[in-house]
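Protein chains in written order, with the numbering used here: chain A, 947 to 1262; chain B, 947 to 1262; chain C, 947 to 1262; chain D, 947 to 1262. All C-beta atoms in this analysis are idealised placements derived from N, C-alpha and C, irrespective of residue type, glycine included.
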C-alpha cells in the first residue's frame, strides 16, 4: 500500500481519541460499519472476557428463540437420561416400560416437570426420581427467570435506532466543496432530542520515514440539533482548514482514510442517553455525488422516505 | 392560506431545531398536542420501523389487558386445532369424544397446559399430543415472560407526568404584554427537580416570493426552576425583541404560528431525566385572557386544584 | 403568629425555587422531613393523580407482603363464589358437596388454580367451571407477573440512602458563627460520588403591610465533595452576607424559617444519579450545640458510628 | 511507623475528597483494590445498614446459585415439618404412612407444591394441609418472582468491566520521571466512551507535631479520552509541581502514600454512566519499571493481550 505524506499543517490534531498511532497498520478498519471496534481481546479465559448477557440481548430475535428451544430440547434430554439411569420403575403411571416408546414417554414427562405443568399421570414414587423431579422443576423455573430477564433486557435496552447512509459523498455545497453523509432514526415512534455528532478522521501519514496514524476531529457545519424528527445530513466543509484539503480519491486511498462517526442523543422512549457509532473508509466515500431529498410534503403531512436514505445523484 | 411576510429583524433565528424550512407547508402541525411528531415514515418494512415494545408499554391499560386476553384466546384456539388434527385419541381422560363438546374440552385442556396448571385428568398419551403439549407449555411460559417484561416496562418507564393548559394566552402582564401557558405535574407523589423549559416558534414567512418556515427560540421570563411542586406559568414577554411583536390574531394565523414546547426535569421517583413535549398552534392561542390561580392556602396546607389548569378569565 | 420584618439587603434572593410567595402562609412546612412536598393535589380523579406503582415500591416491606396476601385471599374468595354460582357439580373429584366444607374445598381448589399448582384431584368438567378455571389461571400468572415487576421495582429503585441529623445547630465555628447539620449514607456497601448539597432558606417577611415568603440560597463552606464514605457536616457561616445575620431564636420563629436541603450524588451501586431532600423548620434548629465526632480510628480501620448522627453537646 | 514531613509547598491541596484528615491513621488503606471503601458502619441494626439486594447481585454466580438451592432445601424442609405436624392423614395418595420414607414422600410433595408442578397423586384433603399448600404455592411463586428480579439485577447492573494493573510504576518517561499505571476494559464487546480518570494522592504528613493526612489531585498527562477500545496508560509526570517530587521509596513508605483512582465513562452496552475505583498503596508502586506493549498489529487486525496487563520490564 502506498503511504501518503500529505499533511495539512493548519489542521489541529486530536490526541484524545484513545486509538494508538500504529493501529490497524496492516489494513482493516478501526470501526466496523455496525459501530463495533475492529479489535480482538485474547489472553484471558472466554468466560471472563465475553459477555453472554450482552450477546443474548443483541442477537436477532430468531436466534434468541432458537437458542431457547435448543436449550429446552437438550436440558430435557439430560433429565430424561437421568430418569432412565435411576430406574424407570421409580416412575408410576407409565404406559410403556421399555425401548423407544418409553424414552419418549419419559421425555414428555420431563418437559411436564420442567415447565411445571405436571399433569401427574406419570409421577415419581421413588427417592431418586423424586429428587430428580424436584431439581428439574426448580431448574425449569430458574431457567424461565433467566429467560424473563433476557427478554426484558432485549426489549428495554436503550438504543438510538439510527440508520446511516452506506456512503459518504464529496460534492459542491454552497459554493464550496463538502464531505457529507446522513442518517435517520428509522423507528416510527422514536425521535431523539439534543443530538450531537462528532466525526474523527484517521489518516496514515509517513513522516521521517515512519508511517503513523494521525487523528483529526473534522469541523462540521452543525454539530448539534435540538430534535431529530427527520434525517440529518452532516456536512464537513473541505476548506483550507480541513485535513482533507486538496485530496484526490487516490490521496484518500494512499492515506487509508477512515471517518469515525459518533452520534449521541436523548431518546425519550427509553428516557436515556443513547449513542451510536459507524465509520466510512476511503472506498465508501463517493466523489461528486449529491443526496436527493428523502422527505416530501403532502396534503396529509410530511412523509419521510427511509428507502431513499442512500440515494444520490451525480453532481459535478 | 394567506402567508405572512411580517418579520422582526431583531429576533434571532434558531437554526438548530432539526426541522426543515419547508416542513408541513400544506398545513398540519409540526408537533401533536401529546408531544409526538406529526410525521410518517415509509419505505421500510413495518417490523423494522415500528417499535412494538414501545407500543405495548404506551397504550392504555385496558387495551393492554384486552390484547393479552385476545392473544390468550387465539393461541389456545390454535393449539386446540393442533390437538384435534393430530388426533383426539392421543388424549386420555376425556369425557366427550366428538363434536362441539369435545372441542370445548380440548380447548380447556389447552388453557390448562398453556398456563401450566395441568390438572392432569386429561393428559397426552401419544407422541404428537405429547410433543404439542410440551411446546405449548413452553410457549405459555415464554408468553408470560414477555408479559412480565412488558408489564414492568409499563410501570417503570420514566415519564414527566405533566399536564399542559389546553390554550396559551396573550394578555397584559406586569405593564407589558406576554404570551403565557402553564403546566403542572399531576401525580400526587411526583415532583420534578431542575425543570427547564424551552419554547420554539415556527412561522411561515414569505421572502422573495418563497414561503419558508422560520424558527425562533422565544426568550422567557424564567427558563429554569429548582423544583416543581406546584404549577408553572411560562411567560414570554412580547417586547420589541420578540418575533411576535405587534402581531394580531390574523397575523398569527397568516404566519401559521406554532409554539413547540419542551420541558425537561429530573423525576426522583424514577431517578431519571424526563422530557415532555407539546405544541400550541395559532388557533389554540387566546387573546386577552388571564389564568386564574390554581392553588389555595388553607389551614391544612396548600392545595393544588388540577381542574383549574385551563381556567382563565377575560382581561383587556 | 408574629411576622418578621427583618431583612438583610445584602443577601441575594433566589427567585427560581418553584415555590410561591404565599405558600403555606397558614403554617405547616414546605417540605416534610422525609423529603416529600407538603402539598395536596385535588380536582382530578384518584387514578389519574395517584401513582399506585410508586406507592407499591415505596411502602415498607411488611405492608407490601400484607397487600399481596390480602389480594391472594380476596381474589380466591371471588373465584370461589364464581365456582359455586356456576354449580358445584361442574367440578369433579370433590369429597364434600355442600356447606362450609364444600366452600373450603372449592377455595383450596381455587388457590391451586390461581397458583397453577393444579393437583388435579378436583378439576372442572363443565363449561362454566372450565372457563372460570382458564381465566383464573391466567389471572394468577398475570398477577405474579405484576408482583415480579413490583418486586424488582422495589429492589432496584435508585436511592441515596441518606440519613440526616434530626436537628440543625447554630454554634461558634472557626471564629465565626455557623449553622450546621450533617448526614451520612447509612448503607454499608453504598458510597456516593460527586455529592453536592444545596440549602434554600424560606422566610416569611412583612413588607409594606404584606406578608410574603422570600427565598435565599444559603452560601456554604463547601457545596461538593468527591465521595461520601463518611458523614458530611454542611456548614453555612452566618456572616454579614447571610440572611440569618443577627437572628435570635425568636427571630427564626417570627420569620417561620425553614431550610430546605437537597443532596445529589452518583450512587455506583445503582450507577445512577440519586437525590434526597429534607427540611429543618425553626423549631428543629438548636442554638449553641456542637455535633460530636461520629467516627473513630481503630487498629482495625475506621468505624463510622451511625447512632451518633444526632449527638451534640452544648457549646457557648 | 516513621512519619514523613516532606511537603511540596507548590502542590495544591484537594480539600474536597470527602476523606477526613485523621483517616486510617493506624494503618490500612483508604480504598481496597476492588474499589470499596475500607470502612465499617456500626450502631444501627443490620437490616437497616446492609443492602441484601446489592449483596445478592454482586456475589459470584456459584454463590448465588448455592444460596438459591440452600433456600429451596430449607423452605421445603420447613413446609414438610408443617405438613407432618398438621397430620399426614390430611394428605391423600401417599404410599408410606410413617417413618423416614413418609418424610421423604412429603418432602417431595412439598417441592411439587413449591414449584407449582403439582403432579397431584399426593394432594391435600384436610383443611390444614389445604391451607398450608395454598400458602406454600404462593410463597413459591413469590420466591421465583424475587429470583427473577435478582437475576435480572445481576445481568443488567451497569459496570465498567475494567481491569487495572496490579502495580503502579515510576520510571523515566519522555525525558522526565513519571508515575504510571494502566487499565483495560476486558469485556470483548464493551468499549467505554468519554472516559475520564482522576487520581488523588493521600499522604500522612507531620506538621507542628501533628500527623495528618493531606490530599492532592495528581496532574495527569491526559485526563480524558474519547473511547477506550484498547488499554490506557495513565501518566503523572513527577515534575517540580508534583507532591511526589524527589521522593524515594522510603519517603513513599514514611508518608503512607496511597493513590486512589476513579475512572468514569459511558458504557454503551448498558447505555449508562459507569464508574470504577481502585487504589495503589506505596508497596504496590514499583520503581524503575516500564510496562511492555499489550497489543499487537497482525494481518488479521489488532489484538489486545489481556494477560500482559501487569507485565513490565526493568528500566533505569
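Burial state of residue i, where buried means 16 or more other Cβ atoms lie within 10 Å
{"i": "residue 1167 of chain D", "result": "exposed"}
{"i": "residue 1261 of chain C", "result": "exposed"}
{"i": "residue 1019 of chain C", "result": "exposed"}
{"i": "residue 992 of chain A", "result": "exposed"}
{"i": "residue 1189 of chain D", "result": "buried"}
{"i": "residue 1177 of chain A", "result": "buried"}
{"i": "residue 1214 of chain C", "result": "buried"}
{"i": "residue 1244 of chain D", "result": "exposed"}
{"i": "residue 961 of chain A", "result": "exposed"}
{"i": "residue 1076 of chain D", "result": "buried"}
{"i": "residue 1059 of chain B", "result": "buried"}
{"i": "residue 1105 of chain D", "result": "buried"}
{"i": "residue 1017 of chain A", "result": "exposed"}
{"i": "residue 1127 of chain A", "result": "buried"}
{"i": "residue 1015 of chain B", "result": "exposed"}
{"i": "residue 1156 of chain D", "result": "exposed"}
Test item: CB-CB of residue i and residue j under 8 angstroms
{"i": "residue 1174 of chain B", "j": "residue 1141 of chain B", "result": "yes"}
{"i": "residue 1276 of chain B", "j": "residue 1068 of chain B", "result": "Nothing can be reported for residue 1276 of chain B: it is not among the residues displayed for chain B, which extend from 947 to 1262."}
{"i": "residue 950 of chain D", "j": "residue 1197 of chain D", "result": "yes"}
{"i": "residue 1236 of chain A", "j": "residue 1258 of chain A", "result": "yes"}
{"i": "residue 1082 of chain C", "j": "residue 995 of chain D", "result": "no"}
{"i": "residue 1265 of chain C", "j": "residue 1203 of chain C", "result": "Any question about residue 1265 of chain C goes unanswered here, given that chain C covers just 947 to 1262."}
{"i": "residue 1132 of chain D", "j": "residue 965 of chain D", "result": "no"}
{"i": "residue 1034 of chain C", "j": "residue 1040 of chain C", "result": "yes"}
{"i": "residue 1026 of chain B", "j": "residue 1053 of chain B", "result": "yes"}
Any C-beta of chain D under 8 angstroms from that of residue i
{"i": "residue 1098 of chain A", "result": "yes"}
{"i": "residue 1120 of chain C", "result": "no"}
{"i": "residue 1092 of chain A", "result": "yes"}
{"i": "residue 930 of chain A", "result": "Missing from the structure shown is residue 930 of chain A; chain A here goes from 947 to 1262 and no further."}
{"i": "residue 1108 of chain C", "result": "no"}
{"i": "residue 1133 of chain C", "result": "yes"}
Any C-beta of chain B under 8 angstroms from that of residue i
{"i": "residue 1260 of chain A", "result": "no"}
{"i": "residue 1039 of chain D", "result": "no"}
{"i": "residue 1066 of chain D", "result": "yes"}
{"i": "residue 1248 of chain A", "result": "yes"}
{"i": "residue 1018 of chain A", "result": "yes"}
{"i": "residue 1101 of chain A", "result": "yes"}
{"i": "residue 1251 of chain A", "result": "yes"}
Any chain C beta carbon closer than 8 angstroms to residue i
{"i": "residue 966 of chain D", "result": "yes"}
{"i": "residue 1137 of chain B", "result": "yes"}
{"i": "residue 1069 of chain D", "result": "yes"}
Closer than 8 angstroms to chain A by CB, residue i
{"i": "residue 997 of chain B", "result": "yes"}
{"i": "residue 983 of chain D", "result": "no"}
{"i": "residue 1263 of chain B", "result": "No answer is possible for residue 1263 of chain B: it lies beyond the span of chain B, which begins at 947 and ends at 1262."}
{"i": "residue 1254 of chain D", "result": "yes"}
Any non-hydrogen atom of the ligand SAH closer than 7 angstroms to residue i Cβ
{"i": "residue 1219 of chain D", "result": "By its list of ligands, the structure shown contains no ligand whatsoever, and the ligand SAH lies outside what it can speak to."}
Just by C-beta distance, which residues in the segment 1155-1188 of chain B are closer than 8 angstroms to chain A? Correct list: empty, as no residue qualifies.
Any C-beta of chain C within less than 7 angstroms: which residues of the segment 1208-1237 of chain D qualify? Listed by position along the chain: 1218, 1219, 1220 and 1221.
Suppose only complete runs of 3+ residues qualify. What are the beta strand (DSSP E) ranges in the segment 1093-1148 of chain C, listed by chain order? 1108-1110, 1114-1119 and 1122-1131
Tell me which residues of the segment 1042-1063 of chain C have at least one Cβ-Cβ distance to chain B shorter than 7 angstroms, keeping chain order. 1059 and 1062
Check distances from the C-beta atoms of the segment 1075-1089 of chain D to those of chain A and list, in chain order, the residues that come in under 7 angstroms. Answer in chain order: no residues at all.
Enumerate, from N- to C-terminal direction, the unbroken alpha helix (DSSP H) stretches of 4 or more residues contained entirely within the segment 1015-1092 of chain A. 1045-1060
Complete beta strand (DSSP E) runs within the segment 1182-1233 of chain C (minimum length 3 residues, chain order): 1204-1213, 1218-1227 and 1231-1233
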